[in-house]
Amino acid sequence: MHNWARYLIFFQYIGTKYRGVVKVPPQQLGQSGVQEHLEEAIKKLKPVNPVSLSVSSRTDAGVHALSNSAHFDLQRKNDKPPFTADVLVEALNFNLKEQQIRVTHAYRVPDDFHARYRAQSRTYVYRVALGATHHTLLPLTDCNLCWSLCNTELDIDAMHEAAALLVGTHDFSSFRAVNSPFKNPVKTVDVVAIQPGSSFAHSHFHRRLQFWELTFKSQSFLYKQVRRMAGVLVAAGRGRLSVSQVKQILDARDTLAFPHNVAAPAQGLFLKSVDYKESDLLFSQKPDATEDPKT
Numbered sequence: 512m513h514n515w516a517r518y519l520i521f522f523q524y525i526g527t528k529y530r531g532v533v534k535v536p537p538q539q540l541g542q543s544g545v546q547e548h549l550e551e552a553i554k555k556l557k558p559v560n561p562v563s564l565s566v567s568s569r570t571d572a573g574v575h576a577l578s579n580s581a582h583f584d585l586q587r588k589n590d591k592p593p594f595t596a597d598v599l600v601e602a603l604n605f606n607l608k609e610q611q612i613r614v615t616h617a618y619r620v621p622d623d624f625h626a627r628y629r630a631q632s633r634t635y636v637y638r639v640a641l642g643a644t645h646h647t648l649l650p651l652t653d654c655n656l657c658w659s660l661c662n663t664e665l666d667i668d669a670m671h672e673a674a675a676l677l678v679g680t681h682d683f684s685s686f687r688a689v690n691s692p693f694k695n696p697v698k699t700v701d702v703v704a705i706q707p708g709s710s711f712a713h714s715h716f717h718r719r720l721q722f723w724e725l726t727f728k729s730q731s732f733l734y735k736q737v738r739r740m741a742g743v744l745v746a747a748g749r750g751r752l753s754v755s756q757v758k759q760i761l762d763a764r765d766t767l768a769f770p771h772n773v774a775a776p777a778q779g780l781f782l783k784s785v786d787y788k789e790s791d792l793l794f795s796q797k798p799d800a801t802e803d804p805k806t
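Residues 512 to 806 (the working numbering) are what the sequence shown spells out, left to right.
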């Protein structure tokens, strides 16, 4: 079937109004996930086959993505050739114009490609704002896009010490959400970094606020692991947890050992990138048709 193709798309979204990236169960009326809107956009291209999106990385309600990814198959009617990547991106964004979701790139990939299992790494960034005594004092460009703390400073040295404990291969059972589906709790975290950040409107906002960014990179993470790691680092920075207590939490290997009300809230978390081997995307270099799906 020369008109059948598998595509990998990269997409971004502001997660504030969505119940996460994956589909919401039908019984949760009035709520939707990012996946549903992407699938609706694909259906408007009128494929022959049922539309089913396989998302690489799950994000919770209120969490954002600068670049998530997913694959899907698309067979066109009447023997029409596959869409080019550029035309597919333009068409999907046209169909998504009412949503806070945008497709940034598309690749034609081999038929056995899988967005989740072929991913080499995932990188998350957590944004923290300091010095705003109330969230209304944040610029509009950062509302619901960071964790706003009234603290005017953090103990960054303590945060670096705590971050070093989380790097490497560990049993992260203590950082897994209670009642989450069981998966192997042993993960290798390649990067835990803390660096200064900035407001999205830093050049145009009159109030001086300090921002910090916490970066986490691994091939995969447990459910809510990143938010729990971010919360522990911020707690160390605020003096609410000592570095030795962070080590005790990690060494406990028990989700019940994680302190209450320490996990970082969803709105500060961004999935920054999902990375693949270039060789896995080589099929995308093959020439294909350029027909406009809007016609």
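Beta carbons: idealized from backbone N, C-alpha and C, even for Gly.
These numbers come from a predicted model, not from an experiment.
query                                                                                                           : result
Residues near P596 by beta carbon distance below 8 Å, same chain, minus five either side                        : For the sequence presented, residue 596 should be read as Ala rather than Pro. The answer, listed in chain order, is Y518, H616, A617, Y618, R619, S795.
Integer Cβ distance of T634 from K557, believed to fall under 8 Å                                               : So it is not a contact: roughly 36 Å between Cβ atoms.
Spatial neighbours of V689 in its chain, beta-carbon cut-off 6 Å, leaving aside the 5 residues before and after : T766
Residue from V745, L793, D791 whose Cα sits closest to the Cα of P770                                           : V745
First through last residue of the alpha helix (DSSP H) which encompasses V559                                   : Where V559 is concerned, there is no enclosing alpha helix (DSSP H), given that its DSSP letter is neither H nor E.
Boundaries (first-last residue) of the beta strand (DSSP E) holding F727                                        : 721 to 729
Whole-angstrom distance between I525 and N604, CA atom to CA atom                                               : 15 Å
8 Å contact criterion, which V743 and V703 should meet: CB distance rounded                                     : Rounded, the Cβ-Cβ distance is 10 Å, inconsistent with contact.
The alpha helix (DSSP H) enclosing L676, as first and last residue numbers                                      : 667 to 677
Alpha-carbon spacing of A602 relative to V614, whole angstroms                                                  : 10 Å
Residue environment, G779, which counts as buried when at least 16 other CB atoms sit within 10 Å               : buried
Outcome for Q706 when other beta-carbon atoms lying within 10 angstroms are tallied against a minimum of 16     : exposed
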